[in-house]
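Step one of this worksheet: look at the structure below.
Residue numbers (UniProt numbering): 1 to 448.
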């Protein structure tokens with residue numbers, strides 16, 4: 001009987017001979033040589049650059065397969081692993097976005113980091129991730145969808161608390177419109193362009209990480225806003241159904257807009273009797289380029305998503321106060337004329353209801369002055385009085401129009417009441433050593 005040499009067994013485990021061949025692949029498929037540019041590249045999360053995510057996923061898949069084979073026989077009802085198996089023998093091809101390590105060599109990214117005066121706590125890998133849209137890279141570990149959702153909640157929170165504390169009598173429709181004026185897609189896209197962010201011609205691994213990468217032709221499977229999809233949302237715009245304020249607050253997004261299922265809306269538009277024809281563009285060009293308005297809206301949303309992702313990245317790495325200061329400096333510092341957002345249908349009736357609710361004397365219109373009654377351009381100045389108190393004043397070319405403008409000015413003066421610019425907000429109490437909270441004025445509600 002031949003003896004066993006145990007020293008050779010232990011030597012194989014403790015040391016590796018130089019020039020030893022790599023272990024053969026256990027896969028039954030033959031190994032095919034591939035070019036170097038198609039070799040699998042190691043991708044790490046931008047927030048933790050040293051972590052080998054693919055190795056962890058691979059180890060998890062192998063351990064899952066080992067436990068399944070030992071404990072129970074394979075069956076069709078077994079649950080698949082949480083992460084798909086990634087093997088170096090079968091590479092998936094080049095990644096759809098630049099690798100996180102490429103961000104360290106990007107001059108555009110370093111310039112953007114310095115231009116925004118970001119803290120050193122925010123790595124350039126995270127800033128590079130904010131520039132990757134979900135249409136360019138569908139992997140949630142490498143696009144900006146999660147950061148954008150976090151940033152949108154922060155922008156909406158700080159905007160709503162400032163408006164509600166500074167203008168406590170604003171109607172909900174005006175509040176939603178003002179929030180959209182501050183944090184909507186169009187406004188945030190202008191902010192992104194003012195930062196000097198450029199767009200890449202097409203997404204890919206070879207693109208500079210300092211460019212905004214997106215695709216207008218691919219669908220985005222991630223949602224960056226909050227809201228519920230109404231079953232009847234596709235019919236609201238078509239049939240002009242009325243929506244109440246309570247349902248807008250509970251179900252719709254931060255701006256009071258209904259969220260519809262895009263597939264159902266497309267089917268409804270195709271099956272409709274009325275078809276909108278674009279007479280400015282020929283049919284051939286429209287078929288090749290698509291709807292211009294839809295592409296412009298999608299481009300604005302992509303640029304706005306980048307701004308929201310930057311806010312989310314600041315909150316993740318620097319904390320709440322840094323994100324609040326950034327939102328206050330770049331979003332809330334913009335000037336907005338709230339008077340232009342009002343649109344009254346029956347101002348005199350609404351003013352009469354307001355006086356009755358507040359137990360004022362009924363409003364009375366009085367002619368204050370006039371000129372050129374018999375000329376082509378007369379001017380009448382009408383004032384609205386409640387007892388001896390003048391509520392508003394308006395001038396127009398007719399008495400009815402002047403009375404309506406006076407009622408509108410009186411309503412605007414009521415709705416735009418403000419306790420001051422330095423009114424405290426709830427987020428001030430989150431700072432260490434803050435003063436005790438003083439309750440702000442809260443109005444009883446809308447008039448009509």
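Think of the CB as a built atom: it goes at the ideal place given N, C-alpha and C, for glycine as much as any other residue.
Check your understanding: Assuming residue 169 and residue 415 make a contact with CB atoms under 8 angstroms, what is their CB distance in whole Å?
Key -> 5 angstroms
Practice item. Along the beta strand (DSSP E) that carries residue 391, what are the first and last residues, could you check? Key: 389-396
**Study point:** Contained alpha helix (DSSP H) runs [length at least 4] in the region 103-164, N- to C-terminal order
**Key:** 107-115 and 124-130
Review point. Around the Cβ of residue 155, are there at least 16 other Cβ atoms within 10 angstroms (buried) or fewer (exposed)?
Key: buried
Point to revise | Supposed contact pair residue 366 and residue 182 - C-beta distance, whole angstroms, cut 8 angstroms | key: With 8 angstroms as the limit, residue 182 and residue 366 do not qualify as a contact, their Cβ atoms being about 39 angstroms apart.
Practice item. Under 7 angstroms Cβ to Cβ from residue 208, same chain only, skipping five residues before and after it: list those, please. Key: 106 and 108
Review point. Got a sec, what are the start and stop residues for the beta strand (DSSP E) residue 365 sits in?
Key: 364-371
Point to revise | Residues of its chain near residue 342, where Cβ-Cβ distance is below 8 angstroms and the 5 sequence neighbours each way are ignored | key: 174, 408, 411, 412 and 415
**Study point:** At least three beta-carbon pairs within less than 8 angstroms, the region 387-398 to the region 138-151
**Key:** no
Check your understanding: Along the chain, where does the beta strand (DSSP E) that runs through residue 382 open and close?
Key -> 379-386
Check your understanding: Hey, is the region 237-256 in contact with the region 129-149, meaning 3+ C-beta pairs nearer than 8 angstroms?
Key -> no
Review point. In three-state DSSP terms, what is residue 173?
Key: helix
Exercise for review: For residue 229, name the three-state secondary structure that DSSP assigns.
Suggested key: strand
Point to revise | residue 421 versus residue 166: straight-line alpha-carbon distance, rounded | key: 7 angstroms
Review point. Which word fits residue 75, buried or exposed, when buried means at least 16 other C-beta atoms lie within 10 angstroms of its C-beta?
Key: Model confidence at residue 75 stands at a pLDDT of 48, short of 50, so the residue's coordinates are unreliable; what they give is reported in the following sentence. So residue 75 ends up on the exposed side.
**Study point:** Burial state of residue 98, where buried means 16 or more other Cβ atoms lie within 10 Å
**Key:** buried
Point to revise | For residue 188, the three-state DSSP class (helix, strand or coil) | key: helix
Review point. Run through DSSP, which three-state label would residue 212 get?
Key: strand
Point to revise | Nearest-angstrom Cα separation, counted from residue 306 out to residue 234 | key: C-alpha separation (whole angstroms): 28 angstroms.
Practice item. State the DSSP-derived secondary structure class of residue 336, mapped to helix, strand or coil. Key: Of the three classes helix, strand and coil, the one that applies to residue 336 here is coil, per DSSP.
Point to revise | Given residue 122 as reference, the closest of 162, 384, 163 and 316 once Cα atoms are compared | key: 316
Review point. Run through DSSP, which three-state label would residue 418 get?
Key: Residue state, collapsed to three classes: coil.
Check your understanding: Any contact of the region 289-304 with the region 184-199, i.e. 3+ C-beta pairs under 8 angstroms?
Key -> yes
Point to revise | Exposed unless 16 or more other CB atoms sit within 10 angstroms - verdict on residue 444 | key: exposed
Review point. Who are the near neighbours of residue 211 in its chain, counting only those whose CB is closer than 6 angstroms to its CB and skipping five residues on each side?
Key: Only 198 and 200 meet the Cβ criterion.
**Study point:** According to DSSP, residues forming a beta bridge with residue 199
**Key:** Residue 199 is bridged to 212.
**Study point:** CA-to-CA distance, residue 434 to residue 428, given in whole angstroms
**Key:** 7 angstroms
Exercise for review: Just confirm the distance between the C-beta atoms of residue 137 and residue 94, as a whole number of angstroms; I'd bet it's less than 8 angstroms.
Suggested key: Their Cβ separation, rounded to whole angstroms, is 12 angstroms, which puts residue 137 and residue 94 out of contact at 8 angstroms.
Review point. For the candidate residues 328, 245 and 393, whose alpha-carbon lies nearest to that of residue 311?
Key: Minimum Cα distance to residue 311 is reached at 328.
Review point. Considering only the beta carbon of each residue, do residue 404 and residue 381 sit closer than 8 angstroms?
Key: no
Point to revise | Reference residue 203, options 133, 248, 362 and 225, closest by Cα | key: Of 133, 248, 362 and 225, the residue nearest in Cα terms is 133.
**Study point:** Contact belief for residue 313 with residue 126 at Cβ below 8 angstroms, rounded distance in angstroms
**Key:** With 8 angstroms as the limit, residue 313 and residue 126 qualify as a contact, their Cβ atoms being about 5 angstroms apart.
Check your understanding: From residue 34 to residue 205, what distance separates their C-alpha atoms?
Key -> Note that residue 34 scores 48 on pLDDT, short of 50, meaning its location in the model is unreliable; the coordinates nonetheless yield the value given after this. Those two C-alpha atoms are separated by around 18 angstroms.
Exercise for review: Could you name the residues of the same chain whose beta carbon sits closer than 7 angstroms to that of residue 426, not counting the 5 residues immediately before and after it, in chain order?
Suggested key: 161
Review point. Would the beta-carbon of residue 178 fall within 8 angstroms of that of residue 336?
Key: Yes.
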